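First residue of the sequence shown? That's 1 in the UniProt record's numbering, and the numbers climb one at a time after it. Backbone N, C-alpha and C fix where the C-beta goes; we use that ideal spot for every residue, glycine too. What you are looking at is a predicted structure, and each value in this text was computed from that prediction instead of being measured.
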Amino acid sequence: MTSTDLATLTSLHSIDDRPVATVPSKESEITNKKGRQQDGEAESIRTASSLSSLTDPDSQDGEDDEQDVESLHNVQTNSPPFSSFTVGQKRFIVLMVAIAGFFSPLSANIYFPALNTLAEKFDVSSATINLTLTSYMIFQGLAPTIFGDLSDMAGRRPAYIIGFAVYIGACIGMALCDSYSALLILRCLQSSGSSGTIALGSGVVADIATSAERGVWMGWATSGPMIAPALAPVLGGIFAQVLGWRWIFWLLVILAGAFMIPFLITYPETGRNVVGNGSIPPQGWNMSLLNYLQVRKQARSNREPSLRRIPSCESTRTAQEALRKKRKLRIPNPLNTLHVILEKDVGLLLFYNSMIYCAFYDVITSFPNLLEQIYGYNALQIGLCFLPFGIGSLFAPVGVGKLMDWNFRRTAQKAGLVIVKGKTNDLKDFPLERCRIEIALPLIIIGDIALLCYGWIMHMETNLAAPLVLQFIMGFTLTGGFNALSVMLIDLYPLAPATATAANNLVRCLMGAGATAVIDYMIDAMGRGWCFTFIAAVVAFMSPVLWVLQRWGPKWREARRTRIAAQQEKERREEAEVQAASALAQDEIDDIPREK
Numbered sequence: 001m002t003s004t005d006l007a008t009l010t011s012l013h014s015i016d017d018r019p020v021a022t023v024p025s026k027e028s029e030i031t032n033k034k035g036r037q038q039d040g041e042a043e044s045i046r047t048a049s050s051l052s053s054l055t056d057p058d059s060q061d062g063e064d065d066e067q068d069v070e071s072l073h074n075v076q077t078n079s080p081p082f083s084s085f086t087v088g089q090k091r092f093i094v095l096m097v098a099i100a101g102f103f104s105p106l107s108a109n110i111y112f113p114a115l116n117t118l119a120e121k122f123d124v125s126s127a128t129i130n131l132t133l134t135s136y137m138i139f140q141g142l143a144p145t146i147f148g149d150l151s152d153m154a155g156r157r158p159a160y161i162i163g164f165a166v167y168i169g170a171c172i173g174m175a176l177c178d179s180y181s182a183l184l185i186l187r188c189l190q191s192s193g194s195s196g197t198i199a200l201g202s203g204v205v206a207d208i209a210t211s212a213e214r215g216v217w218m219g220w221a222t223s224g225p226m227i228a229p230a231l232a233p234v235l236g237g238i239f240a241q242v243l244g245w246r247w248i249f250w251l252l253v254i255l256a257g258a259f260m261i262p263f264l265i266t267y268p269e270t271g272r273n274v275v276g277n278g279s280i281p282p283q284g285w286n287m288s289l290l291n292y293l294q295v296r297k298q299a300r301s302n303r304e305p306s307l308r309r310i311p312s313c314e315s316t317r318t319a320q321e322a323l324r325k326k327r328k329l330r331i332p333n334p335l336n337t338l339h340v341i342l343e344k345d346v347g348l349l350l351f352y353n354s355m356i357y358c359a360f361y362d363v364i365t366s367f368p369n370l371l372e373q374i375y376g377y378n379a380l381q382i383g384l385c386f387l388p389f390g391i392g393s394l395f396a397p398v399g400v401g402k403l404m405d406w407n408f409r410r411t412a413q414k415a416g417l418v419i420v421k422g423k424t425n426d427l428k429d430f431p432l433e434r435c436r437i438e439i440a441l442p443l444i445i446i447g448d449i450a451l452l453c454y455g456w457i458m459h460m461e462t463n464l465a466a467p468l469v470l471q472f473i474m475g476f477t478l479t480g481g482f483n484a485l486s487v488m489l490i491d492l493y494p495l496a497p498a499t500a501t502a503a504n505n506l507v508r509c510l511m512g513a514g515a516t517a518v519i520d521y522m523i524d525a526m527g528r529g530w531c532f533t534f535i536a537a538v539v540a541f542m543s544p545v546l547w548v549l550q551r552w553g554p555k556w557r558e559a560r561r562t563r564i565a566a567q568q569e570k571e572r573r574e575e576a577e578v579q580a581a582s583a584l585a586q587d588e589i590d591d592i593p594r595e596k
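This is the structure in structure tokens:
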């Protein structure tokens, strides 16, 4: 691919439409001197060919090689960039992803302070009203298996739009409902609409960032989901006490609507099976308003001879058609998530990560009840006590993300691997598991010790400052460890990151639903100190899983890479055989004498 092609690809999806595409490269100047200047039609064909190379299964620069961080080929420095989005565009995309991911845990926890009020309103017991929490977590695990597969197949934007449409409708219904059964059903719909954003966010990060830079971007993307569980009770307590419980759901409607307006106008499609590395415009129905105006501007520019290097409408349609042929639209299959879970290394990682999540949620689920029992706090005071945990959870993704990227570069330098920024790197022999676990394990150990101390401090009913300090430590370390292992999951399954994250969501939410359902019974039966000692002991007992992943994970990863590569090669051969047979049949038909 020439430097002119790279300039063309970069300009095609640039929001500010820089004139870089109009500046001839050195190669084109030499070509002009030799008198081999092509006409406009030939230039469009050449540009379409260069765009289509991003979608050619047999090309080293194709979609599979761009997405597969364990590519069979070595990285070429003259290959197209992994993502054509600028740093500013990536920041905007990840900001929108973080805000979208904020809604699922926000909705899960925002009406904690109103649970007693809701039980009185619908004349049910506290155990019955708690079923709305358990059902929410169950659908929080199930829904992403559908949305993750949908986004990997059809693109990220459609999945986001469908999810938020369901979510806003459910919130309106909950604000107006007058029966417990309606509340329970709408709560499940609310969870289904919002929970897919977690898996979609990981997929977007995998679309725009390589493994070498994924830590920081993933940290920013997950900052929204991680801070929401701590801030939600504060907002819920304020609205429930001042305006009434219905305004909790009206608040969610207002926030979601305010988010969707700029999302629909500005957010670009990032799915690599739809837009390649971001250089190919999506289909018309999948464009944001800014995308549409940009494509219209490019279409007008193509009529001017001085701007012929900008890809024509015909060339972009050719590239879109090539991607469409590779993309198989179908009904989303949630069972695809099971294939991810059954992989040896991925399954072990999901199980251990879910144990950390259970410890995380056991702390914040039991905290309101413990504060009321020990200190006699009301709903608003309880909500404010969640702030230290939320602040720790907010700082963790970004801080730990920078540590992960630093450790990636350090490990690559030791392994003699040259990391090309913005390019896909060959990680076949890279100690990926050790690189991520070196960051996650110390955080998990510190968080586990803090969890042990927290239980006994709550048992002794000390001054409030002690549990709040430990809440901050647990928020930072448990969130950071969970985040590091989630990034490792995407590294292990780069071809379908949203589906892999949906598998993570499924396992952790189902286990978390069980953990939150029994935590109060465990505290009553075992006491506060021994209950959290037991939880900390379970996490410590399962920690050798990380050693197993570090020891045998590379072998399992290589076996999966080889199996996937063999399957892809088989599909390519079968497709070539079908095309050859079709061509032969057509030749035979052409050879048959036609009747006069």
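*Anyone know if the C-beta pair for residue 144 and residue 463 falls short of 8 Å?*
no
_Per-residue burial, residue 254 [other beta carbons within 10 Å of its own, 16 or more giving buried]_ = exposed
*Which parts of the segment 136-189 are runs of the beta strand (DSSP E), unbroken and 3 residues or longer, counting only runs that do not cross its ends?*
none
_What residue range does the alpha helix (DSSP H) around residue 80 cover?_
Careful: residue 80 lies outside any alpha helix (DSSP H) and carries neither H nor E.
*Does the Cβ of residue 77 have 16 or more other Cβ atoms within 10 Å, making it buried, or fewer, making it exposed?*
Any reading at residue 77 is ruled out, since the residue's pLDDT is 48, under 50, leaving its predicted position unreliable.
*Measure the C-alpha to C-alpha separation of residue 128 and residue 184 and round it to an integer number of angstroms.*
10 Å
*Is the Cβ-Cβ distance between residue 175 and residue 249 less than 8 Å?*
yes
*What is the C-beta distance between residue 205 and residue 340, in whole angstroms, given that I count them as a contact (C-beta under 8 Å)?*
Not confirmed; about 17 Å, so no contact.
*Residue range of the unbroken alpha helix (DSSP H) whose run includes residue 100*: 87-109
*Expected contact under 8 Å - CB spacing of residue 233 and residue 383 to nearest Å*: 4 Å
*For my contact list, residue 513 and residue 134 are in at a C-beta cut-off of 8 Å; report their separation, rounded to the angstrom.*
With a contact defined as Cβ atoms closer than 8 Å, residue 513 and residue 134 qualify at about 5 Å.
*Run the CB neighbour count on residue 490, radius 10 Å, all protein chains shown included, and call it buried at 16 or more, exposed below.*
buried
*asked:* Give me the residue from 547, 484 and 153 with the minimum Cα distance to residue 408.
replied: It is 484.
*Relative to the alpha-carbon of residue 371, which residue among 354, 457, 358 and 444 has its alpha-carbon at the smallest distance?*
Nearest C-alpha to residue 371: 457.
*Tell me whether the beta-carbon of residue 103 lies closer than 8 Å to the beta-carbon of residue 194.*
Taking 8 Å as the Cβ cut-off, residue 103 and residue 194 qualify as a contacting pair.
*Compare the beta carbon distance of residue 188 and residue 139 with 8 Å and say whether it is the shorter of the two.*
Yes, Cβ-Cβ distance for residue 188 and residue 139 is below 8 Å.
*Evaluate residue 523 with the Cβ neighbour count: other Cβ atoms within 10 Å of its Cβ, from every protein chain shown; 16 or more gives buried, anything less gives exposed.*
buried
*Determine, using beta carbons only, whether residue 415 and residue 539 come nearer to each other than 8 Å.*
Result no, Cβ atoms of residue 415 and residue 539 do not sit closer than 8 Å.
_Only counting the same chain, and skipping five residues up and downstream in sequence, which positions put a Cβ closer than 6 Å to that of residue 392?_
472, 475 and 476
*Which residues mark the beginning and the end of the alpha helix (DSSP H) in which residue 412 is found?*
It spans 387-415 - the alpha helix (DSSP H) in which residue 412 sits, taken as one unbroken run.
_Just verifying my parser: in three-state terms, what is the DSSP assignment at residue 259?_
helix
*Measuring CB to CB, does residue 216 end up less than 8 Å from residue 401?*
One thing to note: residue 216 has its Cβ within 8 Å of the Cβ of residue 401.
*Best match in 146, 352, 379 and 549 for proximity to residue 116 [C-alpha to C-alpha]*: 379
*Below 7 Å CB to CB, which residues in the same chain sit around residue 289 once its five sequence neighbours on both sides are set aside?*
265
*asked:* My parser needs the alpha helix (DSSP H) runs of 4 or more residues fully inside the segment 433-507; what are they?
replied: 465-492
_Where residue 377 sits in the DSSP three-state scheme_ = It is coil, neither helix nor strand.
*residue 128: first and last residue of the uninterrupted alpha helix (DSSP H) it sits in*: 126-129
*With 16 other CB atoms within 10 Å as the buried threshold, where does residue 90 fall?*
buried
*asked:* Would residue 159 and residue 200 qualify as a contact pair, given that the criterion is a beta-carbon distance under 8 Å?
replied: In this structure, residue 200 lies closer than 8 Å to residue 159 by Cβ.
*Opening and closing residue of the alpha helix (DSSP H) in which residue 277 lies*: Counting along the chain, residue 277 falls outside any alpha helix (DSSP H), and DSSP gives it neither H nor E.
*What did DSSP end up calling residue 430 once you bin it into helix, strand or coil?*
coil
_First through last residue of the alpha helix (DSSP H) which encompasses residue 217_ = 214-221
_Separation of residue 493 from residue 149, as counted between CA atoms_ = Distance between residue 149 and residue 493, taken at the CA atoms: about 14 Å.
*For residue 454 and residue 75, the rounded distance between their alpha carbons*: Summary for residue 75: the model assigns pLDDT 42, below 50, so the residue's position carries little reliability; its value from the coordinates is reported in the next sentence. Straight-line Cα distance between these residues: approximately 49 Å.
_Against chain D, with Cβ distances strictly below 8 Å, would residue 352 count as a contact?_
Of the chains in the structure shown, none is chain D; there is only one protein chain.
*Ends of the alpha helix (DSSP H) at residue 114?*
From DSSP, residue 114 is part of no alpha helix (DSSP H); its letter is neither H nor E.
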